[in-house]
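Note sheet for the following structure.
There are 2 protein chains.
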Amino acid sequence: MSTTSGKTLGGRRAQAARNDEVILEAARAVFLDDPKAPIAAVAERAGVGISALYRRYAGKEDLLRQLCHDGLRRYVAEAETALDEPDDWAAFTGFLTRVVDADVHSLTVHLAGTFTPTEEMGRDAMRAGELATALVDRAHASGRLRSDAVVHDLGLLLEACAAVRVPDPERTRQLRRRQLAVLLAGLSSVPDADPLPGPPPAAGEFDWRWRRRE
Amino acid sequence: MSTTSGKTLGGRRAQAARNDEVILEAARAVFLDDPKAPIAAVAERAGVGISALYRRYAGKEDLLRQLCHDGLRRYVAEAETALDEPDDWAAFTGFLTRVVDADVHSLTVHLAGTFTPTEEMGRDAMRAGELATALVDRAHASGRLRSDAVVHDLGLLLEACAAVRVPDPERTRQLRRRQLAVLLAGLSSVPDADPLPGPPPAAGEFDWRWRRRE
DNA sequence: TAACAGTGGAACGGACCGTTCCGCTCTGCT
DNA sequence: AGCAGAGCGGAACGGTCCGTTCCACTGTTA
Chain A
1 MSTTSGKTLG GRRAQAARND EVILEAARAV FLDDPKAPIA AVAERAGVGI
51 SALYRRYAGK EDLLRQLCHD GLRRYVAEAE TALDEPDDWA AFTGFLTRVV
101 DADVHSLTVH LAGTFTPTEE MGRDAMRAGE LATALVDRAH ASGRLRSDAV
151 VHDLGLLLEA CAAVRVPDPE RTRQLRRRQL AVLLAGLSSV PDADPLPGPP
201 PAAGEFDWRW RRRE
Chain B
215 MSTTSGKTLG GRRAQAARND EVILEAARAV FLDDPKAPIA AVAERAGVGI
265 SALYRRYAGK EDLLRQLCHD GLRRYVAEAE TALDEPDDWA AFTGFLTRVV
315 DADVHSLTVH LAGTFTPTEE MGRDAMRAGE LATALVDRAH ASGRLRSDAV
365 VHDLGLLLEA CAAVRVPDPE RTRQLRRRQL AVLLAGLSSV PDADPLPGPP
415 PAAGEFDWRW RRRE
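Residue numbers (our numbering), protein chains in the order written: chain A, 1 to 214; chain B, 215 to 428.
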């Protein structure tokens, strides 16, 4: 294990460092599958004891917050990546595909309300909104996005994809891609299409989850 | 039973008969909002005591089963109504609109697994599948449904609509209609469309919920 | 070898929830 | 008129589940 001098830590320290990662990964997997899973399930999945968890996080809420914030950052990162794509429509669809694949929506929206958010999360959320708007604007500019689609239709779309869930994760990904394809086809501009009904989704309408409950 | 002359019964009996309905309505509202709400929440919402519930149902499972079965019957009824509609495409979209509006999906799929189903439910579920297939076949025949859409894409579609949920029920209905409109547009046949990706959803893939858990 | 970071997991205390039970009210029948 | 009991409200009970704490133990580091 420990190769003597210098850099690579061996033994206990190395194990601990590795556990950092293992635990986060387990937490992601477990809470993605069930947002109100017990903390013991995370420990079990990670193959560690409960103490290993509480050594790193002040409590369940702390862990959830971190997880959610990670998801938010991922969202922002994917959006920034997408904005580098020269093709407007490809940027839009590529972004959505990656966000859906990574199940970012479950990490963020579905975990909200289980903890009190930090200010930084508020800032990141705002930034996420701006980037999404930019992507939608570009999609509109490309002429491929139907003109009556608005930014907050993305909320509906992501919710729809996240709702698809079967026991096998890989199959879930496939079905979500299919769902996404249908939705993107539905959001594509076609001649003589009926306009989308109802007042379009608005700014604060999906934030209600962020208000604590249960 | 009915003792006095043919008039509307008053007093206790009438109250009891009214409670039958009030309780069912409350149960529907509560469990639609949260499939694992406590039974006391139903009683509270109905404005009755817990005893009034247990007088009518053997237990929570019994109530849930009944509720789910009602939803299933509603699904079948709407499908049969739809099949009377002469226009193939209108039958298809009308059916989906009514099923989405009534939130039948939450009553059936989302309540599954919380009780052991009866044989009759199994038969009704099978009939529901046949009727849905008939509707999809007719939609295909109309030429308006893209040819690579299959019956079980309805499962994805209904899941997507049921996933839309905001505090205000009326607003929820509006947003679901919008979601449905996007999905129907996406399922409409257009020239030169990319085919839908992945193996299409298959028969048993959404039934996993029906296997008990939690 | 002494001290201790890191850990596993039992144990604790509280929340929640389905179900039961008891006492009350008011009805419908005799 | 009077009584048996249907119908009911809600407290109480027993059980489950879960977050957190606590302690004994182990390998490492100094």
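No residue lacks a Cβ here, since even glycine has one placed at the ideal position from N, Cα and C.
The Cβ neighbour count for B/Arg232, taken over all protein chains shown within 10 Å, is under 16; the residue is labelled exposed. Secondary structure note for B/Gly343: its alpha helix (DSSP H) is the uninterrupted segment 333-356.
B/Ile237 and B/Ala257 have their C-alpha atoms some 7 angstroms from each other.
From the listed residues A/Arg209, A/Ala37, A/Asp101, A/Gly49, the smallest Cα separation to A/Arg178 is found for A/Asp101.
Residue contact with chain A for B/Trp424: absent (no Cβ-Cβ distance below 9 angstroms to any residue of chain A).
With a threshold of 9 angstroms between beta carbons, B/Phe420 makes contact with chain A. Note on A/Met126: under 16 other CB atoms within 10 angstroms of its CB, so exposed under the neighbour-count rule. One alpha carbon belongs to A/Ala185, the other to B/Gly225, and they sit about 59 angstroms apart. Taking each of A/Leu111, A/Leu145, A/Leu157 in turn and checking the Cα distance to A/Leu32, the smallest one comes out for A/Leu111. Against A/Pro199, the close residues of chain B are Gln388, in the order they occur along the chain (beta-carbon pairs closer than 7 angstroms).
Around the beta carbon of A/Pro167, fewer than 16 other beta carbons sit within 10 angstroms, so the residue counts as exposed.
Excluding its 5 nearest sequence neighbours in each direction, A/Ala26 has C-beta neighbours in its own chain below 6 angstroms: Val42, Arg45, Ala46, listed in chain order.
B/His319 and A/Ala128 have their C-alpha atoms roughly 32 angstroms apart. With a threshold of 9 angstroms between beta carbons, A/Ala132 makes no contact with chain B. By a beta-carbon distance limit of 8 angstroms, A/Gly113 contacts A/Trp210. Their separation comes to about 6 angstroms. Leaving aside the five residues that flank A/Ala162 on each side, the residues in its chain whose CB is nearer than 6 angstroms to its CB run, in chain order, His105, Ser106.
Per the DSSP secondary-structure output, B/Leu359 pairs in a beta bridge with B/Ser402. In the DSSP assignment, A/Leu67 falls within the alpha helix (DSSP H) that extends over 60-84. Under the 9 angstroms criterion on CB atoms, A/Ala203 is classed as non-interfacial with respect to chain B. Non-local C-beta neighbours of B/Ala251 in its own chain, meaning closer than 8 angstroms and more than five positions away in sequence, comprise Val244, Phe245, ordered along the chain. When the alpha-carbon of A/Asp124 is set against those of A/Tyr57, A/Arg176, A/Ala141, A/Glu80, the nearest one is in A/Glu80. A Cβ-Cβ distance of about 19 angstroms is found for the pair A/Ala193 and B/Ala374, leaving them out of contact under the 8 angstroms criterion. Per DSSP, B/Thr322 is one residue of the alpha helix (DSSP H) stretching across 318-322. Proximity of the segment 146-159 of chain A to the segment 194-206 of chain A meets the contact definition, three or more beta-carbon pairs being nearer than 8 angstroms. At a C-beta separation below 7 angstroms, A/Pro167 has these neighbours in chain B: Trp422. Taking the beta carbon of B/Leu401 as reference, the chain A residues within 9 angstroms of it are Val182, Ala185, Gly186, listed in sequence order. Excluding sequence positions up to five before and after B/Thr307, its CB lies within less than 7 angstroms of the CB of Leu398, all in the same chain and listed in chain order. For B/Tyr271, the secondary structure class from DSSP, reduced to helix, strand or coil, is coil. A/Leu107 is outside the set of residues whose beta carbon lies under 9 angstroms from a beta carbon in chain B.
In the DSSP assignment, B/Phe306 falls within the unbroken alpha helix (DSSP H) covering 302-315. With a threshold of 9 angstroms between beta carbons, A/Arg177 makes contact with chain B.
Rounded to the nearest angstrom, the gap between the Cα atoms of A/Leu131 and A/Asp207 is 17 angstroms.
Beyond the five residues adjoining it in sequence on each side, B/Leu389 comes within less than 7 angstroms, by CB distance, of Val378, Val380 in the same chain, given in chain order.
Straight-line measurement puts the Cα of A/Leu158 at about 20 angstroms from the Cα of A/Arg65.
In the structure shown, the three-state DSSP call for B/Asp234 is helix. Assignment of B/Gly327 by DSSP, reduced to helix, strand and coil, places it in the coil class.
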